[in-house]
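Asker:
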Amino acid sequence: MALTVESLNRRRILDSTNLEYTSAIFTVSREDVFDYNRCPKIVAIKTYRKTRTRRERSEPYDSGIPLPNIVGQIGEAAVRLAFSGTDERDGSFGEGSLVHQKTGGKRIAQLILSRLNLVDIGIRMDLELLAEKTIEGLKEIRADIDSALGPLTIVGRGESRYGALPTCGYPDYVALTSNKKPVLIEVKNGVKASPAKDEFQASFYNSLGKTAGVIVHELSLSDGGIRPNVQVRLEEDAETLVLYPRLNKWRRITDTVDIKSDDLEEIWAAKQLGILGRWPTTDCGSDCPHTRYGIVLPEDSMDMVAKPLPLIFAKGAADLGVDYDFNFMRRYISRITPSTMNELWNLSHHLGSTPLSDLESITTIMENRLGVGRDVSTKLLRWMRGIGEAEPNVKIRVDQMKIEKEMAVYLEPWRQLLPEKMHDATAAVAQSVATRTYSLPKQSRLIIDRSWEKWS
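In this note's numbering, each number is its position in the sequence shown, counted from 1, plus 8.
1) Specify the secondary structure class of residue 463 as computed by DSSP and reduced to three states.
2) By the 10 Å Cβ neighbour count, where 16 or more other Cβ atoms means buried, how is residue 142 classified, buried or exposed?
3) Straight-line CA distance for residue 436 to residue 406?
4) Rounding to the nearest angstrom, what Cα-Cα distance links residue 92 and residue 84 in this structure?
5) Okay, do the segment 317–325 and the segment 285–293 touch, 3+ Cβ pairs below 8 Å being the bar?
6) Taking C-alpha atoms, which residue in 216, 430, 390 lies nearest to residue 171?
7) Residues bridged to residue 248 by DSSP?
8) Grab me the residues of residue 4's own chain with a C-beta within less than 7 Å of its C-beta, minus the 5 sequence neighbours each way, in chain order.
9) Do three or more CB pairs link the segment 183–191 to the segment 39–49 at distances below 8 Å?
10) Mapping DSSP to helix, strand and coil, what is residue 301?
11) Count the CB pairs spanning the segment 412–421 and the segment 287–307 that are closer than 8 Å, and state whether there are at least three.
12) Name the one or two DSSP bridge partners that residue 158 has.
13) On the DSSP bridge list, what partners appear for residue 412?
14) Taking residue 32 as the reference, which of 417, 448, 279, 312 has the closest Cα?
15) From 165, 54, 337, 77, pick the residue whose C-alpha is nearest to that of residue 387; which is it?
16) On the DSSP letters alone, give me the boundaries of the alpha helix (DSSP H) that residue 202 sits inside.
17) Quick check on DSSP: helix, strand or coil for residue 443?
18) Using a Cβ-Cβ cut-off of 6 Å (strictly less than) and excluding sequence neighbours within five positions of residue 463, which residues of its own chain qualify?
19) What three-state label does DSSP hand residue 169 in the structure shown?
20) Need the endpoints of the beta strand (DSSP E) that residue 506 sits in, please.
21) Using a 10 Å radius around the Cβ and a threshold of 16 neighbouring Cβ atoms, would you call residue 447 buried or exposed?
22) Does the count of Cβ pairs from the segment 297–305 and the segment 422–433 closer than 8 Å reach three?
23) In its own chain, which residues sit with a C-beta less than 6 Å from the C-beta of residue 276, not counting the 5 before and 5 after it?
24) Using DSSP with H/G/I as helix, E/B as strand and the rest coil, what is residue 26?
25) Between which residues of its own chain and residue 460 is the CB-CB distance below 6 Å, once the five residues before and five after are set aside?
26) Whose C-beta lies closer than 6 Å to the C-beta of residue 212 among residues of the same chain, with five residues either side of it excluded?
27) Quick check: the Cα distance between residue 195 and residue 41, rounded to an integer number of angstroms?
28) Is the beta carbon of residue 210 sitting closer than 7 Å to the one on residue 248?
29) Give the single residue among 440, 152, 86 whose Cα lies nearest to the Cα of residue 339.
30) Do you know whose CA, among 206, 182, 180, 191, lies nearest residue 157's CA?
31) Does DSSP classify residue 295 as helix, strand or coil?
32) For residue 90 versus residue 146, is the C-beta distance shorter than 7 Å?
33) Using the rule of at least 16 other Cβ atoms within 10 Å of the residue's Cβ for burial, across every protein chain shown, is residue 214 buried or exposed?
34) Can you name the start and end residues of the alpha helix (DSSP H) that residue 273 belongs to?
35) Reducing DSSP to helix, strand and coil, say where residue 457 ends up.
36) Provide the residue span of the alpha helix (DSSP H) that contains residue 428, from first to last.
As structure tokens, this is what we get:
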């Protein structure tokens with residue numbers, strides 16, 4: 009039996025009464041796509057469990073052995089050093105540099121210890137040994153990569169978005185080849201590789217980079233101070249290098265994950281069936297991976313698949329005039345240089361009476377100090393000046409109720425899916441996720457519109 013809005017309304021009382029948690033209903037993760045390719049029923053099972061079971065926090069290890077996240081941080085720090093494009097890198101990773109290697113290992117260990125506020129001598133020695141092994145493995149890896157691709161230089165952290173799912177990807181680093189081609193880097197510093205999952209993760213990042221581009225977050229030194237710099241490379245052909253420092257090996261992944269419009273709807277259909285305590289009809293056998301989860305749900309299907317909530321709110325807000333490009337840069341500047349934003353807040357009530365010539369000078373100072381374009385600096389100043397006049401000139405948000413009214417037709421299926429007690433809280437979270445997902449340094453509206461078209 010197919011689920012229509014009318015049948016959903018009847019079944020919601022039976023199937024959604026135990027729905028307690030909504031964290032799984034806003035986005036499609038890389039894991040969701042991976043599970044969908046294994047069997048759509050797994051997506052429904054996991055959504056069913058996540059919406060009804062609180063996730064318990066894992067207890068920290070009570071031993072001198074470094075925690076798994078520390079192992080990863082050491083790998084990332086060593087890779088950053090190996091591909092930093094500095095003399096310090098060559099000193100630590102050059103031939104016959106055993107002393108430099110040990111020094112580099114200690115420095116990396118001390119960096120991680122200071123972040124985590126760990127002082128245990130045993131852990132410190134373990135970290136130093138782990139860092140030295142990581143650096144040793146990277147020496148051979150870097151030589152191979154230099155031979156295959158030429159010298160790489162890491163320029164910052166990476167971030168990419170796929171608005172139609174929606175989802176975000178966070179490769180560890182973005183590097184540039186000598187001819188300025190972007191390459192994504194993912195670090196796996198464990199003692200065992202997971203080839204299938206690692207290849208899928210890299211292919212997934214390539215898909216995001218090719219579809220929506222890669223945002224590069226970089227901090228550069230300029231005139232003795234830290235200057236924020238953010239770039240976006242839209243629709244670049246991407247490839248990902250997966251590095252295994254402790255295994256002395258690396259992989260170059262150029263494949264992508266082909267996510268078609270039909271896949272979008274089927275993934276979300278499986279998630280929405282999971283919300284209802286059901287799963288999709290498939291022709292899988294008794295040895296299908298979904299059988300390992302020990303859960304059996306009634307089979308069903310959906311005639312009407314609700315569009316992703318964050319996409320609905322992003323489209324509604326954009327249609328009502330929200331400037332997502334400016335939203336990205338405003339939040340970025342606030343996070344990177346909070347002192348500058350504080351100064352502007354203090355000035356905001358005086359900007360309304362400031363002569364235009366002085367405003368031009370302030371705009372130039374902001375452009376140079378913040379490392380952003382003149383357009384962004386001008387918008388930021390206009391916004392601050394508007395706050396002082398109680399009429400902001402750049403719109404960064406819209407009242408939630410206005411968006412709900414604007415997008416009522418598209419929100420109706422979700423109102424049928426979810427218990428009434430969750431409607432308000434769910435809308436607020438969806439609006440927040442929309443701001444985080446669809447705000448880009450530039451062309452945010454283009455990404456929103458393209459994502460919406462994939463669902464049309």
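The beta-carbon is built from N, C-alpha and C at its ideal position, and this holds for glycine as well. Computed from a predicted structure; not experimentally measured.
Answerer: In terms of the structure at hand:
1) Within the sequence shown, numbered from 1, the residue matching residue 463 stands at position 455. DSSP places residue 463 in the coil class of the three-state scheme, outside both helix and strand.
2) Position 134 of the sequence shown, counted from the first residue, corresponds to residue 142. The C-beta of residue 142 has 16 or more other C-beta atoms within 10 Å across all chains shown, which makes the residue buried.
3) Counted from its first residue, the sequence shown places residue 436 at position 428. Counted from its first residue, the sequence shown places residue 406 at position 398. Going by the C-alpha atoms only, they are around 12 Å apart.
4) The residue given as residue 92 occupies position 84 in the sequence shown. The residue given as residue 84 occupies position 76 in the sequence shown. Distance from the CA of residue 92 to the CA of residue 84, rounded to the nearest whole angstrom, comes to 12 Å.
5) With a cut-off of 8 Å, the segment 285–293 and the segment 317–325 do not count as touching, because too few Cβ pairs lie within range.
6) Indexing the sequence shown from 1 puts residue 171 at position 163. Checking every option, the nearest Cα to that of residue 171 belongs to 216.
7) For the purposes of this step, residue 248 is identified with residue 240 of the sequence shown, where counting begins at 1. According to DSSP, residue 248 bridges with 192, 261.
8) Because the chain in this structure spans residues 9 to 464, residue 4 falls outside the shown range and cannot be described.
9) The way I'd put it, the segment 183–191 doesn't touch the segment 39–49; fewer than three beta-carbon pairs between them come closer than 8 Å.
10) The residue you call residue 301 lines up with position 293 of the sequence shown. It is helical.
11) In the pairwise beta carbon analysis, the segment 412–421 is classified as not touching the segment 287–307: fewer than three pairs are separated by under 8 Å.
12) Residue mapping note: residue 158 aligns to position 150 of the sequence shown, counting from 1. According to DSSP, residue 158 bridges with nothing at all.
13) By 1-based counting over the sequence shown, the position of residue 412 is 404. Beta-bridge pairing links residue 412 to no other residue.
14) Position 24 of the sequence shown, counting from 1, holds the residue named residue 32. With distances taken between Cα atoms, residue 32 lies closest to 279.
15) Counted from its first residue, the sequence shown places residue 387 at position 379. For residue 387, the nearest C-alpha among the options comes from 337.
16) The count along the sequence shown starts at 1 and reaches residue 202 at position 194. Taken as a continuous stretch (DSSP letters only), residue 202 belongs to no alpha helix (DSSP H), as it is neither H nor E.
17) Counted from its first residue, the sequence shown places residue 443 at position 435. Under the three-state reduction of DSSP, residue 443 is assigned to helix.
18) Here residue 463 refers to the residue found at position 455 of the sequence shown. Closer than 6 Å at the Cβ level, and outside the excluded window around residue 463, lie 315.
19) Indexing the sequence shown from 1 puts residue 169 at position 161. It is a strand residue.
20) This structure cannot speak to residue 506, because the chain is shown only from 9 to 464.
21) In the sequence shown, residue 447 corresponds to position 439, counting from 1. With 16 or more other Cβ atoms inside 10 Å of its own Cβ, residue 447 counts as buried.
22) No, the segment 297–305 is not in contact with the segment 422–433.
23) Looking up residue 276 in the sequence shown gives position 268. Non-local C-beta neighbours of residue 276 in its own chain, meaning closer than 6 Å and more than five positions away in sequence, comprise 313, ordered along the chain.
24) As a working note, residue 26 is residue 18 in the sequence shown. In this structure, residue 26 counts as coil in the three-state DSSP scheme.
25) Numbered from 1 along the sequence shown, position 452 holds the residue referred to as residue 460. Correct list, in chain order: 323.
26) Walking along the sequence shown from the start, residue 212 turns up at place 204. Apart from the 5 residues on each side of it in sequence, residue 212 sits with its Cβ closer than 6 Å to the Cβ of 38, 265 in its chain, given in chain order.
27) Your numbering for residue 195 matches position 187 in the sequence shown. Your numbering for residue 41 matches position 33 in the sequence shown. Rounded to the nearest angstrom, the two C-alpha atoms are 21 Å apart.
28) Looking up residue 210 in the sequence shown gives position 202. Looking up residue 248 in the sequence shown gives position 240. Yes, the pair counts as a contact, with Cβ atoms nearer than the cut-off.
29) Looking up residue 339 in the sequence shown gives position 331. Comparing Cα-Cα distances from residue 339 to each of 440, 152, 86, the minimum goes to 440.
30) Taking the first residue of the sequence shown as position 1, residue 157 is located at position 149. Residue 157 has its Cα closest to that of 191, out of 206, 182, 180, 191.
31) Numbered from its first residue, the sequence shown carries residue 295 at position 287. Coil, per DSSP.
32) In the sequence shown, counting from the first residue as 1, residue 90 sits at position 82. In the sequence shown, counting from the first residue as 1, residue 146 sits at position 138. Note that the C-beta distance between residue 90 and residue 146 is below 7 Å.
33) Residue 214 sits at position 206 when you count from the first residue of the sequence shown. That one is buried.
34) To locate residue 273, count along the sequence shown from 1; it is residue 265. Start and end: 269–283.
35) Sequence index remark: in the sequence shown, residue 457 carries index 449 (1-based). When DSSP states are grouped into helix, strand and coil, residue 457 belongs to the helix group.
36) For this step, residue 428 is matched to residue 420 along the sequence shown. Following the DSSP letters along the chain, one finds residue 428 in no alpha helix (DSSP H), marked with neither H nor E.
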